[in-house]
Amino acid sequence: MDRRHLGLGLLCVGLAALANLLGGAVVTLRRWDDRFLRYAVALGAGFMLAAVILKMLPESQHLTSLAPALVLAGYLLVHLFEHTVARHFHFGEEIHPELLSANAGASALLGLLVHSFFDGISIGSAFIIDRALGLLVFSAIVLHKAPEGFAIASVVLATGGSRRQALLAASAVGTASILGGFSIFGLQTLVGPALGISAGVTLYVAASDLVPEVNREGGTAIALTVFAGVLLYYLTERVLEASGL
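All residue numbers for the sequence shown refer to this note's numbering, where the first residue is 186 and numbers rise by one.
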């Protein structure tokens, strides 16, 4: 890896973590427009799908012949985790204080910590390969980081936690991304397998977590926002190419 990319990669991991914290701050300060967040989720879903299929998958196949198996392993790993350990909840949705147990809140936090750790690995491994790829993967991931922070903060509040605890939970999710980023920068020989697994994880988040949120909302406008996310990916890639990144 070009050492000049290291600083930029760590900066992007830090910005992704900051987005988690900002999402948590939003829910602790005021009630946010759920509709706006759903459109942000739809945009992120389209961008992430495009990034995985058009960039991360080809790059991982170039780096290792085991890429298809690693992508599947990453996808199934998160699928198994979400259906056995972590209680699934909706990204970007404010959860009101109801009958939500502390155990359910802990499971949700654990699930997002795992997701966020792999977010950091995804960003870091992408920057190790290529700066333009790193910026594209960062752009894809950061679009869903604020809704993640919003969601986990609202879960903590729903379990009876304080606003301070809600912010700490969002901060912990962001910190997991930083740890993931540092771990892959320290183990660069594993970048090929890491990118393959990260592609599977990202594909799961986009296709199994975010797209169902779009389908749940319904309507032509939000469906087209997914296409706008794909278009945004295409335009971002063209800008990066034109800039020589």
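Even glycine gets a Cβ: it sits at the ideal position worked out from N, Cα and C.
- Here D394 carries a helix assignment [DSSP, helix/strand/coil].
- Nearest in C-alpha terms to L195, of all of H247, E402, F323 and F266, is F323.
- By the Cβ rule, the segment 261-268 does not count as touching the segment 340-349, because fewer than three pairs are nearer than 8 Å.
- In this structure, the beta-carbon distance from S383 to S301 does not fall below 8 Å.
- For the set A338, T387, V327 and L417, the Cα lying nearest the Cα of A357 is the one of A338.
- DSSP, reduced to helix, strand and coil, places D315 outside both helices and strands of the structure shown, so it counts as coil.
- Boundaries of the alpha helix (DSSP H) harbouring I382: V376 to Y389, taken from the DSSP string.
- Of all C-beta pairs linking the segment 226-235 to the segment 314-330, three or more are shorter than 8 Å, placing the two stretches in contact.
- Distance from the CA of L388 to the CA of A336, rounded to the nearest whole angstrom, comes to 20 Å.
- Ranking V341, A361, P253 and A317 by CA distance to the CA of A204 puts A361 first.
- Between the alpha carbons of L265 and A391 lies a gap of roughly 16 Å.
- Here DSSP, grouped into helix, strand and coil, assigns L409 to helix.
- Within 10 angstroms of the beta-carbon of Y419 lie fewer than 16 other beta-carbons, which makes it exposed.
- Of I313, V341, T405 and G377, the smallest CA-CA separation from L294 is found for V341.
- One Cα belongs to A331, the other to A406, and the distance between them is close to 21 Å.
- T269 and G371 have their C-alpha atoms roughly 31 Å apart.
- The continuous alpha helix (DSSP H) containing G359 extends over residues R348 to G371.
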